[in-house]
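First up is the structure itself, then whatever we jot down about it.
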Amino acid sequence: MSNDPLLQPYQLKHLTLRNRIIVTSHEPAYPEDGMPKGRYRAYTVERAKGGVAMTMTAGSAAVSKDSPPVFNNLLAYKDEIVPWIREMTDAVHEEGAAIMIQLTHLGRRTRWDKGDWLPVVAPSHHREAAHRAFPKKLEDWDIARIIKDFADAAERMKAGGMDGVELEAYGHLIDQFNSPLTNELDGPYGGSLDNRLRFCLDVFKAMRERVGDDFILGVRYTADECLPGGTGKAEGLEISRRLKESGLIDYLNVIRGHIDTDPGLTDVIPIQGMASAPHLDFAGDVRAATKFPTFHAAKIQDVATARHAIATGKVDMIGMTRAHMTDPHILRKIIEKREDDIRPCVGANYCLDRIYQGGLAFCIHNAATGREETMPHVIPKAEVRRKVVIVGAGPAGLEAARVSAERGHDVVIFEAANNAGGQIRLTAQSERRREMIGIIDWRMSQCEKLGVTFHFNTWADAETITAEKPDVVIIATGGLPHTDVLSKGNELVVSSWDIISGDVKPGTNVLVYDDAGDHAGLQAAEFIAKAGGKVEIMTPDRSFAPEVMAMNLVPYMRSLQTLDTTFTVTYRLEAAEKSGNQIIAHVGSDYGGVSRQRTVDQIVVNHGTIPLDDLYFELKPGSSNLGEVSYNDLVAGAPQTVQRNPDGTYQLFRIGDAVAARNTHAAIYDALRLAKDL
Numbered sequence: 143m144s145n146d147p148l149l150q151p152y153q154l155k156h157l158t159l160r161n162r163i164i165v166t167s168h169e170p171a172y173p174e175d176g177m178p179k180g181r182y183r184a185y186t187v188e189r190a191k192g193g194v195a196m197t198m199t200a201g202s203a204a205v206s207k208d209s210p211p212v213f214n215n216l217l218a219y220k221d222e223i224v225p226w227i228r229e230m231t232d233a234v235h236e237e238g239a240a241i242m243i244q245l246t247h248l249g250r251r252t253r254w255d256k257g258d259w260l261p262v263v264a265p266s267h268h269r270e271a272a273h274r275a276f277p278k279k280l281e282d283w284d285i286a287r288i289i290k291d292f293a294d295a296a297e298r299m300k301a302g303g304m305d306g307v308e309l310e311a312y313g314h315l316i317d318q319f320n321s322p323l324t325n326e327l328d329g330p331y332g333g334s335l336d337n338r339l340r341f342c343l344d345v346f347k348a349m350r351e352r353v354g355d356d357f358i359l360g361v362r363y364t365a366d367e368c369l370p371g372g373t374g375k376a377e378g379l380e381i382s383r384r385l386k387e388s389g390l391i392d393y394l395n396v397i398r399g400h401i402d403t404d405p406g407l408t409d410v411i412p413i414q415g416m417a418s419a420p421h422l423d424f425a426g427d428v429r430a431a432t433k434f435p436t437f438h439a440a441k442i443q444d445v446a447t448a449r450h451a452i453a454t455g456k457v458d459m460i461g462m463t464r465a466h467m468t469d470p471h472i473l474r475k476i477i478e479k480r481e482d483d484i485r486p487c488v489g490a491n492y493c494l495d496r497i498y499q500g501g502l503a504f505c506i507h508n509a510a511t512g513r514e515e516t517m518p519h520v521i522p523k524a525e526v527r528r529k530v531v532i533v534g535a536g537p538a539g540l541e542a543a544r545v546s547a548e549r550g551h552d553v554v555i556f557e558a559a560n561n562a563g564g565q566i567r568l569t570a571q572s573e574r575r576r577e578m579i580g581i582i583d584w585r586m587s588q589c590e591k592l593g594v595t596f597h598f599n600t601w602a603d604a605e606t607i608t609a610e611k612p613d614v615v616i617i618a619t620g621g622l623p624h625t626d627v628l629s630k631g632n633e634l635v636v637s638s639w640d641i642i643s644g645d646v647k648p649g650t651n652v653l654v655y656d657d658a659g660d661h662a663g664l665q666a667a668e669f670i671a672k673a674g675g676k677v678e679i680m681t682p683d684r685s686f687a688p689e690v691m692a693m694n695l696v697p698y699m700r701s702l703q704t705l706d707t708t709f710t711v712t713y714r715l716e717a718a719e720k721s722g723n724q725i726i727a728h729v730g731s732d733y734g735g736v737s738r739q740r741t742v743d744q745i746v747v748n749h750g751t752i753p754l755d756d757l758y759f760e761l762k763p764g765s766s767n768l769g770e771v772s773y774n775d776l777v778a779g780a781p782q783t784v785q786r787n788p789d790g791t792y793q794l795f796r797i798g799d800a801v802a803a804r805n806t807h808a809a810i811y812d813a814l815r816l817a818k819d820l
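Numbering (my numbering), first residue to last: 143 to 820.
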């Protein structure tokens, strides 16, 4: 048996867990009609196949109709969920993993205009900033009803084959009872700590009566809100002891912080550029104080940190949740002594930020996650070996190369720069975005192991490509900044790339005009502000940087607000003209009736990219498909068989920003779904 701490089994009551790594409860927003159907099941089972000890589903499945999901969650209050749960749990158990589900009532952390338009309820009238609903203060009959709903839901989950249920008690209704900041009830459920904890314990009592002792019950709870007047560490440790002493639960899953605001949520679930494992020592304090099974997860993104957490006894089970979205086969690779092959989580948080904007959770650089029904995590070999020539070694080109090489093809890459990375290498110039380079480093390592041939510092032309006698040519040349957006004065502006790369020195009084809304605009603004420049960020949109999304926006705001940056929305930069050594910016509005001026010494435009596609069009006449892609075949996962030119000697495709300005995930998805069928 291995002496690796992570590979040791753990006995949790009657349940034997095969190792020490879990996927903690999270909601990828994959349900269909509130049920865990095909996509949800395939996603969950893949992590079991990868060797994880236990996977926890449903970052808060709703137990009541007045707890409507604010994004696509499971609906545990419906009887029809049981057979869907059973299909999923049976499949996970067949792979040797345990499976639990997290249940919740959201309380005030939802909206009244979702679901059945029922009033939001909480133990006070205080609105949660993140979801903006003013709640009804709970009555006695509400409390009794919701306790029964929890018990009913737990019974459904046991009937569906779950190994246990975890209650979500941070930020949601149970935590709203526990915290003195959000509980203003009188009588048995408000006031003293005993009273505030009563709701949580009554829920556990009701569930335990329904499910019996041969069923795991746990709680993921706030042991320190990190808020003035809230639950502090001392009271949190007392709550931890009381939860243990109740005899109703089997483990503690420790959270530190609060999630009622975007900054609070981001501190609980840190993103790239923030400290790794920031709450691990705190979780260790809880375990030391209680001597009770303790779980924890919060930016445990690498195996070394997970191993440290178990080896030092800080926790009993360690969660690597976002890491398993990036690579569901972490445990298999540890067992096979292939840790270098683990695809790294780079903390981009594309997964979580998407669900908070109403989308499905996707990993920024594993396009198979959430698409397990159609996209492979393990690339199958091709029946016929082909010569694949790729131009461009950014994320799209490298993914196409990796997948093609995994298929067994002979792969050659041409790259004009002296190293790989494309826009990723540019974005990684920012200290907080430095982890993004892991997207490139991992692919370079994989390509080198697979024998891909690289030609750097090579500006490939059609003759260079055809000399390789390719069967397939993939153009992944990306794009160049598009700054030609003004009615006049375009020659006076610079791009966000110019600033980030250091090719242009930051000005002292700068207007950053950003109508792409992605990271580059904010990165450029931060570079300028940190260099001492006065910065105004202007956008014609009603909010700035929408593509950056909520949790990724937090570190930018903390930095830029400290640096006294001005944010201006709903105004459009229309023109620029020179005035001595200054520039006059002419500003209007899509809403009409506005004509203003700004005098600055630099204008930075962030307006996406224009495809760098000359080589594609040069090669197009010699291709058998004339560059055409069958979207039907692409979506269906079938090989590309378009034949439009009988004299063509190679198939020609372009991917990523060489097609149109999108994002890293889109570029990698382009490459995976094309190359997997070559």
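From the three backbone atoms N, C-alpha and C, an ideal C-beta is built for every residue, glycine too.
Simplified DSSP state of residue i, which is helix, strand or coil
i, result
"CYS368", "coil"
"LYS290", "helix"
"ALA86", "The chain is shown from 143 up to 820; residue 86 falls before or after that span and cannot be answered."
"PHE437", "strand"
"ASP336", "helix"
"CYS589", "helix"
"SER765", "strand"
"ASP743", "coil"
"ASP583", "helix"
"GLN414", "coil"
"SER721", "strand"
"MET299", "helix"
"TYR331", "helix"
"CYS487", "coil"
"GLY790", "coil"
Where residue i falls, given that 16 or more other Cβ within 10 Å makes a residue buried
i, result
"LYS479", "exposed"
"LEU245", "buried"
"TYR733", "exposed"
"GLN703", "exposed"
"LEU359", "buried"
"LYS611", "exposed"
"GLU481", "exposed"
"LYS647", "exposed"
"THR436", "buried"
"GLU557", "buried"
"THR373", "buried"
"GLU351", "exposed"
"ASN560", "exposed"
"TRP226", "buried"
"VAL187", "buried"
"PHE341", "buried"
Sub-7 Å separation of residue i and residue j beta-carbons
i, j, result
"VAL224", "ILE289", "no"
"ALA240", "LEU149", "no"
"VAL445", "ALA425", "no"
"ALA618", "ALA800", "yes"
"GLU678", "LEU653", "yes"
"ILE243", "MET462", "no"
"ASN651", "ASP743", "yes"
"ALA171", "ILE497", "yes"
"THR166", "MET198", "yes"
"ARG253", "ALA218", "no"
"SER266", "GLU222", "no"
"HIS471", "GLY238", "no"
One or two residues paired with residue i in a DSSP bridge
i, result
"PHE556", "VAL533, HIS597"
"ARG651", "The amino acid occupying residue 651 in the given sequence is Asn; Arg does not appear at that position. Beta-bridge pairing links ASN651 to LYS676."
"MET196", "ILE164, ALA240"
"MET829", "This structure cannot settle anything about residue 829, because the visible part of the chain is limited to 143 through 820."
"HIS247", "None, per the DSSP bridge assignment."
"PRO753", "GLY621"
"GLU308", "GLN244, GLY360"
"GLN153", "THR158"
Near the ligand NAD: residue i beta-carbon under 6 Å from a heavy atom
i, result
"MET299", "The model on display carries no ligand, and the ligand NAD is accordingly not part of it."
Nearest-angstrom beta carbon gap, residue j and residue i [assumed within contact, 8 Å]
i, j, result
"ASN694", "ILE413", "6 Å"
"GLY176", "LYS220", "6 Å"
"CYS493", "ARG474", "About 21 Å; that fails the 8 Å criterion."
"PRO420", "ALA448", "With 8 Å as the limit, PRO420 and ALA448 do not qualify as a contact, their Cβ atoms being about 15 Å apart."
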